[in-house]
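For the sequence shown, our numbering begins at 20 and goes up steadily by one.
C-beta: ideal position from N, C-alpha, C; glycine also.
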Amino acid sequence: MSQSIGGAYSQEWTDHNNSDPGLEQIPDWVKQVVSWWSEDAISDHEFANGLGFLIKEKVIEVDTRIVFGTTNQEILQTKDMEINVDENIEIPDLIRNSAKWYISGEIPEEHFLGGVEHLINENIISFGEKSEFDYEKIQDRIIPNASPVYLKNNQNIEFSVDIIEKIIDGEKIRMFGYNNQSPGPMLIANQGDSITINLKNNLDIPTTTHWHGLRLDYKNDGVPHLTQEPIQPGETFQYTLKFPDTGIYVYHPHVRTEMQVDMGLYGNILVQDKNKDYQNFQIPLVLDDVMINEKML
20 MSQSIGGAYS QEWTDHNNSD PGLEQIPDWV KQVVSWWSED AISDHEFANG
70 LGFLIKEKVI EVDTRIVFGT TNQEILQTKD MEINVDENIE IPDLIRNSAK
120 WYISGEIPEE HFLGGVEHLI NENIISFGEK SEFDYEKIQD RIIPNASPVY
170 LKNNQNIEFS VDIIEKIIDG EKIRMFGYNN QSPGPMLIAN QGDSITINLK
220 NNLDIPTTTH WHGLRLDYKN DGVPHLTQEP IQPGETFQYT LKFPDTGIYV
270 YHPHVRTEMQ VDMGLYGNIL VQDKNKDYQN FQIPLVLDDV MINEKML
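As structure tokens, then:
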């Protein structure tokens with residue numbers, strides 16, 4: 020098995036500025052619909068269809084130039100176009116969180132509209148003819164996204180390194196994962212915070228975890244026989260992590276790194292600025308490919 024990690028990077032979802040037409044005020048009744056969806060009172064499909072209608076009828080305006088490829092400064096006229104929303108749509112959790120933050124007043128309106136632009140630019144909500152690309156053919160090859168873990172200052176959390184099974188192309192393969200997930204959970208922290216991770220090794224081989232890019236005490240750097248001894252099967256090691264810098268980072272093993280990473284042991288850390296109003300929307304992306312032989316190894 021081999022794989023490559025293109026790293027994780029953040030992509031701005033919106034190009035809003037003070038003159039952007041997307042800054043038109045969202046009506047109060049639309050805010051109520053957003054609130055219902057953020058609380059799971061209506062489904063992703065109902066919410067996306069509703070958004071499509073609001074955009075089509077110009078109740079709210081977002082920049083659709085990217086997905087439609089127009090180069091002028093006019094927002095594309097969608098009024099006469101058909102709304103396309105997949106029946107089994109799953110809207111990313113980051114957008115659901117942004118809806119909650121918007122309703123509670125933690126982020127401004129234009130940031131939430133940036134998430135709506137993302138749904139359009141990624142063809143999650145589309146107008147006009149549906150794409151001929153058959154996503155169903157590749158659906159069973161897709162490993163679901165790992166669930167994020169939102170960290171609080173001085174939090175003490177339990178973390179594990181596990182043997183897991185993934186179904187790829189209809190076949191079960193043996194892999195490794197953090198907290199039974201591969202990629203491991205996205206750890207989301209605020210700049211300046213500190214946490215403690217109790218890492219238990221549930222593998223049948225030794226391991227450590229290196230927190231790539233973080234500035235921290237050397238004892239927590241995860242380098243075997245230098246900053247710590249390898250964590251043996253069944254043992255637990257305590258790491259103290261500090262987050263002095265915003266950015267996106269990687270965590271991975273440092274015992275037989277090439278093999279353990281290839282088996283699925285890697286994840287990302289997103290350190291955010293505490294000033295949420297300063298931030299644009301961003302979407303972390305991990306690129307990974309897995310090559311398997313005829314025996315699914």
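Reference residue i; option with closest CA among the options
i	options	result
residue 204	191, 213, 181	181
residue 206	293, 268, 107	268
residue 106	252, 117, 113, 66	66
residue 284	234, 128, 183	183
residue 236	220, 222, 263, 250	263
residue 63	192, 51, 74, 114	114
residue 255	247, 73, 217, 261	217
residue 7	305, 306, 220	Here the chain covers residues 20 to 316 and nothing more, so residue 7 does not appear.
residue 58	121, 128, 133, 294	121
residue 5	247, 245, 222	Here the chain comprises residues numbered 20 to 316, so residue 5 is not present and cannot be evaluated.
residue 282	200, 178, 68, 61	200
residue 177	55, 257, 272	257
residue 56	124, 126, 110	110
residue 134	69, 117, 233	117
residue 271	303, 233, 261	233
residue 224	238, 185, 276	276
DSSP-derived helix/strand/coil call for residue i
i	result
residue 193	strand
residue 229	strand
residue 287	strand
residue 216	strand
residue 317	No statement about residue 317 is possible, as the shown extent of the chain runs from 20 to 316 and does not include it.
residue 113	helix
residue 242	coil
residue 305	strand
residue 119	helix
residue 171	coil
residue 207	strand
residue 293	coil
residue 221	coil
residue 88	In this predicted model, residue 88 has a pLDDT of only 37, less than 50, meaning its place in the structure is not dependable enough to derive any value.
residue 157	For residue 157, the pLDDT reaches just 35, beneath the cut-off of 50, and the residue's location in the model is therefore unreliable, although a value from the coordinates is still provided. Helix.
residue 43	Low confidence applies here, because residue 43 scores a pLDDT of 45, under 50, leaving its location unreliable; read the following figure in that light. Reduced to three states, the DSSP call for residue 43 is coil.
residue 107	coil
Beta strand (DSSP E) segment containing residue i, residue limits
i	result
residue 59	Element bounds for residue 59: n/a, residue is neither H nor E.
residue 179	175-187
residue 201	Neither: residue 201 is in no beta strand (DSSP E) and is coded neither H nor E.
residue 268	266-272
Cβ distance (whole Å) where residue i is taken to contact residue j below 8 Å
i	j	result
residue 259	residue 243	Actually they are not in contact, since the Cβ atoms of residue 259 and residue 243 sit about 18 Å apart, beyond 8 Å.
residue 71	residue 49	Incorrect: roughly 13 Å between the Cβ atoms, too far for contact.
residue 195	residue 279	6 Å
residue 167	residue 112	7 Å
residue 247	residue 241	7 Å
Span of the alpha helix (DSSP H) around residue i
i	result
residue 247	No alpha helix (DSSP H) contains residue 247, which DSSP labels as neither H nor E.
residue 281	276-281
Inset, instruction - Answer yes if the region 251-268 comes into contact with the region 279-294, meaning at least three C-beta pairs across the two stretches below 8 Å, and no otherwise. - result: yes
Legend entry - At least three beta-carbon pairs within less than 8 Å, the region 210-217 to the region 167-177: yes
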